[in-house]
Amino acid sequence: MPITDRFFVINIRKYLALGNDCEAGEPALVRLLSGFSCPKNPDVERFLKKSSIEFTKKNQSVTYLVFSKESGEMLGYFALALKPLTVRGETVSNTVKRKLLRISELDKESDTYTMSAYLIAQLGKNYTGGRNDEITGKELIELAWMIIEKTQYMMGGMVTFLEAENEERLLSFYRDNRFSQFDTRQASPGKDEPHEFVQLLRLL
């Protein structure tokens with residue numbers, strides 16, 4: 002069964018466009034988001050409830066909610082953004098370098114490729130009432146990828162990337178979904194402990 006027969010995706014801008022309408026606007030969206038739970042990753046839950054609306058209003062990212070066509074329940078979400086990305090040549094294959102040259106600026110001295118790229122900024126399933134069992138992580142990625150492909154068709158671009166905790170279970174999941182590690186990044190200053198994210202990319 003095609004994935005679009007089981008799920009549908011709503012850009013939260015559709016709620017925000019209706020303003021303060023209690024039944025379908027921002028207040029309705031806030032109520033909907035309050036029912037989301039992701040105990041395995043509190044940051045994912047916190048972003049959706051505390052930041053997703055403001056980030057969308059400011060065009061920093063756009064959040065998409067995923068629903069079951071059968072039950073109408075919210076099963077998860079993902080947030081997408083357009084970000085500058087720099088890739089060190091030593092971290093990717095020659096084939097990838099050739100593709101990056103089409104859409105990036107090459108600094109020959111440092112052997113780095115700088116470009117605009119699509120970022121999967123957040124990705125999470127809703128554990129409320131066991132709804133997490135109604136969708137797989139692979140399906141959530143596939144739905145995000147469909148939105149990215151539509152955007153790429155209209156705007157161009159070639160690279161999608163994301164950042165993940167340095168945990169083998171997570172990294173294996175993303176590798177299985179055709180993402181390849183290319184670098185690491187230290188978390189922003191101010192964290193209690195040094196923290197490293199693994200950066201992975203996938204070409205359109």
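Throughout, this note's numbering is defined as the position within the sequence shown, counted from one, plus 1.
Yeah, the Cβ is synthetic: ideal placement off N, Cα and C, and Gly gets one too.
For clarity, every value in this text was computed on a predicted model and none was experimentally measured.
Here Y175 is not near L205, since their CB atoms are 7 Å or more apart.
Around the C-beta of A122, 16 or more other C-beta atoms lie within 10 Å, and the residue is accordingly described as buried. Ranked by Cα distance from D112, the options R132, F8, G130, V88 are led by V88. Within its own chain, the residues whose Cβ lies closer than 6 Å to the Cβ of R203, once the five positions on either side in sequence are excluded, are T161, R179, F180, listed in chain order. Its chain contains G125 as the residues whose beta carbon lies nearer than 7 Å to that of N42, once the 5 sequence neighbours on both sides are disregarded; these appear in chain order.
Note on geometry: alpha-carbon atoms of G158 and Y78 lie some 23 Å from one another. Per the coordinates, the alpha-carbon of F9 lies some 46 Å from the alpha-carbon of E110.
Contact check for N12 against L76 fails: the beta carbons are separated by 7 Å or more. The stretch 135 to 145 makes contact with the stretch 59 to 69, as at least three CB pairs between them are under 8 Å. Taking each of N95, G131, T129 in turn and checking the Cα distance to Y114, the smallest one comes out for N95. DSSP, reduced to helix, strand and coil, places T5 within a helical segment of the structure shown.
The continuous stretches of alpha helix (DSSP H) do not include D22, and DSSP gives it neither H nor E. Bridge partners of D184 according to DSSP: Q200. With a beta-carbon spacing of about 6 Å, S38 and E46 fall inside the 8 Å limit used to define contacts.
In this structure, R132 sits near E74, with a CB-CB distance shorter than 7 Å. The bridge partners DSSP lists for L144 come to none. At a Cβ-Cβ threshold of 7 Å, K98 and G90 count as neighbours. Distance from the CA of E135 to the CA of D6, rounded to the nearest whole angstrom, comes to 14 Å. Exposed is the label assigned to L102, since fewer than 16 other Cβ atoms lie within 10 Å of its Cβ.
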